[in-house]
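Top to bottom, those sequences are chains A and B. In this text, residue positions in the first sequence follow this note's numbering: the first is 1, and each later residue adds one. In this text, residue positions in the second sequence follow this note's numbering: the first is 1001, and each later residue adds one.
Number of protein chains: 2
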Amino acid sequence: MGARHIGKQTVVFDDAPVIFGRYSIVGAKEGKGPFGMYFDEIVNDPLVGGKTWEEGESNLINKACIGAVKRAGIRQSDIDMVLGGDLLSQLMATTFGVSQFNVPFLGLYGACSTMGESLAVAGSMIAGGSADICLSVTSSHFAGAQKQFRAPLDYGEWRSLTAGYTVTGSGAVVTGKRAYAKELPWTRGRVGVAITGYTAGIITDYGIKDSSNMGAAMAPAAYKTILANLNDTSCRITDYDLVVTGDLGTCGSKIMADLLLAEGINVSDRYFDCGEKIFDEEKQDTHAGGSGCGCSASLLCGYLLKCMEEEIYRRILFVPTGALLSPVSFKEGKTIPGIAHAIMLEAVKL
Amino acid sequence: MGARHIGKQTVVFDDAPVIFGRYSIVGAKEGKGPFGMYFDEIVNDPLVGGKTWEEGESNLINKACIGAVKRAGIRQSDIDMVLGGDLLSQLMATTFGVSQFNVPFLGLYGACSTMGESLAVAGSMIAGGSADICLSVTSSHFAGAQKQFRAPLDYGEWRSLTAGYTVTGSGAVVTGKRAYAKELPWTRGRVGVAITGYTAGIITDYGIKDSSNMGAAMAPAAYKTILANLNDTSCRITDYDLVVTGDLGTCGSKIMADLLLAEGINVSDRYFDCGEKIFDEEKQDTHAGGSGCGCSASLLCGYLLKCMEEEIYRRILFVPTGALLSPVSFKEGKTIPGIAHAIMLEAVKL
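Rendered as structure tokens:
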């Protein structure tokens, strides 16, 4: 058996699947941010060649998938399953972004934790024998998200200081059996990244209702998932070179670190929140930072995996975070439950 | 390894996971239909005790999950993963329906194919070692779906003759390792149902744009998935006692059967479309029949699995079908891509 369930929430892989290819694509604002040099592609047209924001986001997904497949050195038809989703209702961006690929598709929704969920399912599918090669993808688009969750751009809505700025971007990852990595054109002797396991998130609801402070709504979920990962695996926080959360932003990441500290776990010297880092708050006026599925996905595919390939970090716990609200649930006065899935990544010689 | 990938789209399980428990719950109209006697629970209050349609749908999900866990004879904490989703944007019904369970949650979206997708992922998770016990769930609600996809009920919108009537209902299935079934209180010597494998669907788009004829939009996807299943497994259609599609309705099911017939496959003597069957068209005025995730899910959990336990049918190919449209994609003039996942079910002595 290639996978084992340990503790309450964690799955570890005996023969860990490895990442064959990755691709990141972002919009102009993200390209001008501190990580601009790491993204594979920066698109200046906010419609990404489409006629609508939604079509533009589909094009981001499409380009990210094609880029990841190309870099992996495989053919599209080698993919056994595409696993992905996005923030748009009924996964509109992903549906139209991958509909031409002619491979099985499983739609996933974990809000901004979707890249974590799709890597987790890919890992389980590959380690368990259900697939040889999977493609995980997610995206977000600033204008599409504003239109759906808040107000159309033309309204010139004021943004709260605790609000994140939705990242326009997508990340795609091709994952496969480690044994097959040797057959790829680029792997010989190179360092790659293995998914050694994951901790699946539990819906966590601390009663936050402010959709302009989603960092606060998601922070408890990230904290609980990280704690569960350490408990289930008997690891210490120092066993990871970097602990990465998705899009908690400046407010949420502080809450998350404080919650861990109350448990005696000091994450501060190895903590990286994608939302806090992706923009330059002083120059780019993004308030609490970046958010959206594309935030952690593009930084994973553009920056973090590259750092692992260069052995700057050998072990990363990647914990994208999702706020499980909808425009309807918000209007009906419901709380914003959070979820976070933790993916254990390790640099390995291929 | 507990799972094997065969052909282009199919996964088969060597040690097939079995269904530990199932529960179906529907609204009053479904309860008055021809299968009323088979459902575990019929709720006459259209709000299902909630304050909104969406809260009512969450309550359906919640009751279905609790019912399936109870019938399985396990504790809620025995579940390793909840796998589910619904038609509401950002999976609102499922999120709030399962948020109190304190077990890992993976949100899935395959429109009305979601019960197929969640059984497929559950099967792969269990057979591959990532989980011992999974809970798969989905739902739909007539009034919630009308409000979201069409017009609020108060508008008294006329329904097209090709349109399906969204089923108010939910179905939940607890699946686990076959070896564990022996430890359950109810299994001794009984006949249960195993998930022997599945064929994951490919997004199929024949260019249909009429959201009042979703049967036509989904029929090609069902046809392609059934054909792929037969090709990948080298089975003939007569190897199945029953081929079940989700919610193609009267129009879509005829298209599906015709498409198969053009390939020389006559499914007519063993074909059951849940959408076509769940209501009595003459007495209930539902036009093309039932639709929604809850349609095939409630008939699976209430009627079909019961028939298998009684060995009326020994092998069923369960193929729920999804129309991958959103209110936005429809308004923007996009096509309606379809998807269908085929689950191979077999009666087994436990």
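From the three backbone atoms N, C-alpha and C, an ideal C-beta is built for every residue, glycine too.
Asked	Found
Whole-number beta carbon distance between residue 1336 of chain B and residue 1347 of chain B, since they are thought to touch under 8 Å	Wrong, their Cβ atoms sit about 35 Å apart, outside the cutoff.
Sufficient close CB pairs (3 or more, under 8 Å) joining the segment 1126-1134 of chain B to the segment 121-133 of chain A	yes
Cβ neighbour criterion (16 or more within 10 Å) applied to residue 1258 of chain B	exposed
Residue 1323 of chain B: CB within 7 Å of a non-hydrogen atom of the ligand COA	The ligand COA is absent from the structure shown, which contains no ligand whatsoever.
Separation of residue 1007 of chain B from residue 1236 of chain B, as counted between CA atoms	15 Å
contact_flag[the segment 1181-1198 of chain B, the segment 1036-1049 of chain B] where n(CB pairs < 8 Å) is 3 or more	no
Cα-Cα separation, residue 1251 of chain B to residue 321 of chain A	42 Å
Start and end residues, beta strand (DSSP E) containing residue 138 of chain A	133-140
Local conformation of residue 1118 of chain B per DSSP, three classes	helix
Three-state class that DSSP yields for residue 41 of chain A in the structure shown	strand
Backbone CA spacing between residue 5 of chain A and residue 119 of chain A [nearest angstrom]	16 Å
Contact set between residue 328 of chain A and chain B, taken where Cβ atoms lie within less than 8 Å	1054, 1088, 1089, 1092 and 1148
Option nearest residue 1075 of chain B by Cα separation, candidates B/1055, B/1101, B/1060 and B/1122	B/1101
Rounded C-alpha distance that separates residue 345 of chain A from residue 318 of chain A	7 Å
Whole-angstrom C-beta distance between residue 1273 of chain B and residue 1253 of chain B, which should lie under 8 Å	4 Å
Sequence-distant residues of its chain with Cβ nearer than 8 Å to residue 334 of chain A (five each side left out)	209 and 325
Test: residue 108 of chain A CB closer than 8 Å to a CB of chain B	yes
Partners in chain A for residue 1009 of chain B, counting only beta-carbon separations shorter than 7 Å	104
Length of the line joining the Cα atoms of residue 35 of chain A and residue 297 of chain A	13 Å
Interface flag, residue 178 of chain A vs chain B, CB-CB below 8 Å	no
Three or more C-beta pairs below 8 Å linking the segment 103-110 of chain A and the segment 140-153 of chain A	no
Contact set for residue 1057 of chain B: own chain, Cβ-Cβ below 6 Å, skip 5 residues either direction	1093, 1139, 1141 and 1144
Any 3 or more C-beta pairs closer than 8 Å across the segment 1170-1178 of chain B and the segment 1012-1021 of chain B	yes
Under 8 Å between C-beta atoms of residue 1085 of chain B and residue 1164 of chain B	no
For residue 1220 of chain B, three-class secondary structure by DSSP	helix
For residue 1088 of chain B and residue 1255 of chain B, the rounded distance between their alpha carbons	27 Å
Run of the alpha helix (DSSP H) containing residue 1258 of chain B, from where it starts to where it stops	1249-1262
CB contact below 8 Å: residue 139 of chain A versus chain B	no
Between the CA atoms of residue 1228 of chain B and residue 1012 of chain B - distance to the nearest angstrom	13 Å
Minimum Cβ-Cβ distance from residue 287 of chain A to chain B less than 8 Å	no
Identified DSSP bridge partners for residue 330 of chain A	Answer is none; residue 330 of chain A lacks a bridge partner.
Within-8 Å CB hit, residue 272 of chain A to chain B	no
Chain-order list of residues whose beta-carbon lies under 6 Å from that of residue 190 of chain A (same chain, five-residue window excluded)	350
Between the CA atoms of residue 1295 of chain B and residue 1064 of chain B - distance to the nearest angstrom	14 Å
Residue 1206 of chain B beta carbon less than 8 Å from that of residue 1220 of chain B	yes
Any chain A beta carbon closer than 8 Å to residue 1122 of chain B	no
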